[in-house]
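According to my numbering, the sequence shown holds residues 177 to 308 in order.
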Amino acid sequence: MIDREGVRRTLALAGRYLDDRRFDEWSGLFAPDGVFHDGDADPVTGRDEILRRIRGGGLANDPELFRRHVTCNEIIDYDGYSARVESDLVIHERQGEGPWGLRLGRYSDVLEIVADQWLFRKRRITWVVNGL
Numbered sequence: 177m178i179d180r181e182g183v184r185r186t187l188a189l190a191g192r193y194l195d196d197r198r199f200d201e202w203s204g205l206f207a208p209d210g211v212f213h214d215g216d217a218d219p220v221t222g223r224d225e226i227l228r229r230i231r232g233g234g235l236a237n238d239p240e241l242f243r244r245h246v247t248c249n250e251i252i253d254y255d256g257y258s259a260r261v262e263s264d265l266v267i268h269e270r271q272g273e274g275p276w277g278l279r280l281g282r283y284s285d286v287l288e289i290v291a292d293q294w295l296f297r298k299r300r301i302t303w304v305v306n307g308l
């Protein structure tokens, strides 16, 4: 059975958990040996390393930074118990009371079912430069 809504739920939770600074729950959306690759940074493997990476970022360390992640235009392809997903990312962000800005990217994901939940086996973000 194709569970597109289950895959979309994981994608939505990933953005929501980051926006709400729920980093432990965000890293829990990765398979135990999952891989996260953020732009040009070196990829990290395993939930502990993924959590360490996100806790070292601006959102975790700057309480004045406000972000909303919007994932859209999902293209989902299935292969047995895994799914490959390409989706666009729009981040609305501002620093304190400053002006709003946008960041754009594209996710390339591989998800798999682990204990009845779709988890990221691999998640890669490629940032769009001069997207507007």
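Just so it is clear, CB atoms sit at the ideal spot from N, CA and C, and this is done for glycine as well.
Can you tell which of Trp303, Thr302, Phe296 has its C-alpha closest to the C-alpha of Glu201?
Of Trp303, Thr302, Phe296, the residue nearest in Cα terms is Phe296.
Taking DSSP as the reference, what is the three-state secondary structure of Glu240?
coil
Measuring straight from C-alpha to C-alpha, what distance separates Gly191 and Arg185?
10 Å
Is any heavy atom of the ligand NAD found at a distance shorter than 7 Å from the C-beta of Ser284?
Ligands displayed in this structure: none; no statement on the ligand NAD is therefore possible.
Can you have a look at Ala259 and say buried or exposed, based on whether 16 or more other CB atoms are within 10 angstroms of its CB?
With 16 or more other Cβ atoms from the protein chains shown falling within 10 Å of its own Cβ, Ala259 counts as buried.
Give me, in chain order, the residues of the same chain whose beta-carbon lies closer than 8 Å to that of Ser263; leave out the 5 immediate sequence neighbours on both sides.
Leu187, Thr247, Cys248, Asn249, Glu250, Ile251, Arg282, Tyr283, Asp285
Taking Arg223 as the reference, give the member of Val211, Gly232, Asp216, Gly234 with the closest Cα.
Val211
Give, in chain order, every unbroken run of the alpha helix (DSSP H) that is at least 4 residues long and sits entirely within the stretch 195-230.
199-203
Check whether the Cβ atoms of Gly233 and Ile301 lie closer than 8 Å to each other.
no
In whole angstroms, give me the CA-to-CA distance for Arg299 and Gly274.
31 Å
What span of residues does the beta strand (DSSP E) with Gly281 cover, start to end?
277-290
Glu269 lies in the beta strand (DSSP E); which residues open and close that run?
Bounds of the beta strand (DSSP E) holding Glu269 are 258-271.
How big is the Cα-Cα spacing for Arg271 and Gly256?
According to the sequence displayed, residue 271 carries Gln and not Arg. Spanning the two alpha carbons is a distance of roughly 43 Å.
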